[in-house]
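Single-structure report; data block below.
2 protein chains.
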Amino acid sequence: MVWSFDADRPIYLQLVEHIQQKILNGEFQPGEKLPSVRDLAATAAVNPNTMQKALAELERGGLVFTQRTSGRFITQDAAKIARLRERAALNLTRRFLADLTSLGLPPSAAAALLAAAQKSENRSDVSD
Amino acid sequence: MVWSFDADRPIYLQLVEHIQQKILNGEFQPGEKLPSVRDLAATAAVNPNTMQKALAELERGGLVFTQRTSGRFITQDAAKIARLRERAALNLTRRFLADLTSLGLPPSAAAALLAAAQKSENRSDVSD
DNA sequence: ATAATTGTATTGTGCACTTAATACAGTCAT
DNA sequence: ATGACTGTATTAAGTGCACAATACAATTAT
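Below you can see the structure in the form of C-alpha cells.
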C-alpha cells in the first residue's frame, strides 16, 4: 500500500482518487468497514483533517457511507461499483485519445503506441 | 484557441502544458516568435505575472528561449521537438496502461476500450 | 529623439490547502 | 459506569497560487 502524492495537486483530492481506486479494483470490498479517519491518516502520513476532507468528499459519490459513531463503510451496491469501474475505464480511454490528438497524433497511432509501451517496461521518463 | 483550466491544478502549470502542446503538435513552429507575455496573458485571460511564471518554467525544458528585450522564441531544434513528442506519446501510453491496472483491468483490455471509445464519441461523463 | 514594446521585478492582498492541537457527542467493550 | 473508540468541529499558523498595480532597463518603430 503506497501512498505517494503529486506535489502539484491538493493531497485531499489524491486521497479521494486513491481510495476510489481501491474500491473499484476490489481492494476494498462492498460492505467492508473502512479503517478510522485517524488510522487512515496515519497510514497515508497526512493530517487527520485532510483525510476527513477526502472521506467527506468521497461520500458525495455514494461509494461510501457513514454510520455516525461506528465508522465508515463501502457501499453494498456491487452493481454500482461495477458500473463506475466501466465508466472510469472509458473516461481514461477517451482522455488518452484526446491527449494523443493534442500531440498531433491520430487515434490510429494508439495501437502501435500500446505495443511499444508494453515491450519496453523500462524508463519512467519525466519531461527534461 | 481555447484556454480552459482545471480548477484543481495551478494555472501556471496548465499554461506550461498548453504551450508545450502547441509546440509539439506544430501549432508553434521552430524558430517562431511567441506573442509577448502581456498578449499571451490577455489571450489566456490570466494575469501577466502568471503567464510570466509559466514561460519562465517553459524555458527550463529548453523548448523556448528569451532574447532579453525583443521577445521569446521557439527553439530551432526541430529534432529535439520531434524527440520530445515521441517521448510524450510513450509516457501518455504508459500512464494509460498504469491507470487501467489501478482499476483492476489487464493491459489486454486496452484494445477493446479503444474501439469502444472511438465508436461512442458522445458523453464526457464526470464521476457522479 | 520620442514613444511603444520587450522581459523582468516588487509589493500587497486574498484565498485555498495543510498541519497542529484540541474539543465534543455518541457508541461499544469491559 | 468507565474508558476507548467513532465521526466531527474549531482555532491558529504557515505556505503557495493568483491577481492587481506599478516600475525599470533595453530594444524597436516612428
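In order, the protein sequence lines correspond to chains C and W. In terms of my numbering, the first sequence opens at residue 1328 and continues consecutively. In terms of my numbering, the second sequence opens at residue 1328 and continues consecutively. Even glycine gets a Cβ: it sits at the ideal position worked out from N, Cα and C.
- In its chain, beyond the 5 residues on either side, Tyr-1339, Leu-1342 and Val-1343 have a beta carbon closer than 6 Å to the beta carbon of C:Ala-1381.
- Within the model, the alpha-carbon separation for C:Leu-1385 versus W:Ile-1408 is close to 41 Å.
- Residues of the same chain with a CB within less than 8 Å of the CB of C:Glu-1359, apart from the 5 flanking positions on each side, are Phe-1400 and Ile-1401 in chain order.
- Contact between the segment 1427 to 1442 of chain C and the segment 1404 to 1422 of chain W is present: 3 or more CB-CB pairs across the two stretches fall below 8 Å.
- In the DSSP assignment, W:Phe-1400 falls outside any alpha helix (DSSP H) and lies within the beta strand (DSSP E) extending over 1398 to 1401.
- If you ignore the 5 residues before and after C:Leu-1361, its C-beta comes within less than 6 Å of the C-beta of Arg-1399, all in its own chain and listed in chain order.
- When the beta-carbon positions are compared, C:Ala-1443 and W:Thr-1420 come within less than 9 Å of each other.
- Annotated as proximal: W:Gln-1347 and W:Leu-1390, with beta-carbon spacing under 9 Å.
- The C-beta of W:Asp-1366 comes no closer than 9 Å to any C-beta of chain C.
- Short of 8 Å from the beta carbon of W:Phe-1392, and not among the five residues preceding or following it, lie these beta carbons of its own chain, in chain order: Glu-1386, Arg-1399, Phe-1400 and Thr-1402.
- Contiguous alpha helix (DSSP H) elements confined to the segment 1355 to 1379 of chain C occur at 1364 to 1371, taking only those with 4 or more residues.
- Judged by DSSP secondary structure, W:Val-1391 falls within the beta strand (DSSP E) whose first and last residues are 1391 to 1394.
- With a contact defined as Cβ atoms closer than 8 Å, W:Asn-1374 and W:Ala-1383 miss out at about 14 Å.
- Within the same chain, and ignoring the five residues on either side of C:Ala-1405 in sequence, the residues whose Cβ sits closer than 8 Å to its Cβ are Pro-1357.
- Going by beta carbons, C:Arg-1336 and W:Arg-1336 fall inside the 9 Å limit.
- Taking the Cα positions, W:Trp-1330 is about 12 Å away from W:Lys-1349.
- Of the residues W:Leu-1411, W:Asn-1352, W:Val-1364 and W:Leu-1440, the one whose Cα lies closest to the Cα of W:Arg-1395 is W:Val-1364.
- Note on geometry: alpha-carbon atoms of W:Thr-1377 and W:Gly-1388 lie some 18 Å from one another.
- In the structure shown, the three-state DSSP call for C:Glu-1413 is helix.
- Rounded to the nearest angstrom, the gap between the Cα atoms of W:His-1345 and W:Leu-1411 is 15 Å.
- For the segment 1410 to 1429 of chain W, the residues whose beta carbon sits under 9 Å from a beta carbon of chain C are, in order, Leu-1411, Arg-1412, Arg-1414, Ala-1415, Ala-1416, Leu-1417, Asn-1418, Leu-1419, Thr-1420, Arg-1421, Arg-1422, Phe-1423, Leu-1424, Asp-1426, Leu-1427, Thr-1428 and Ser-1429.
- Within chain W, the residues whose beta carbon sits less than 9 Å from that of C:Leu-1340 are Asp-1335, listed in sequence order.
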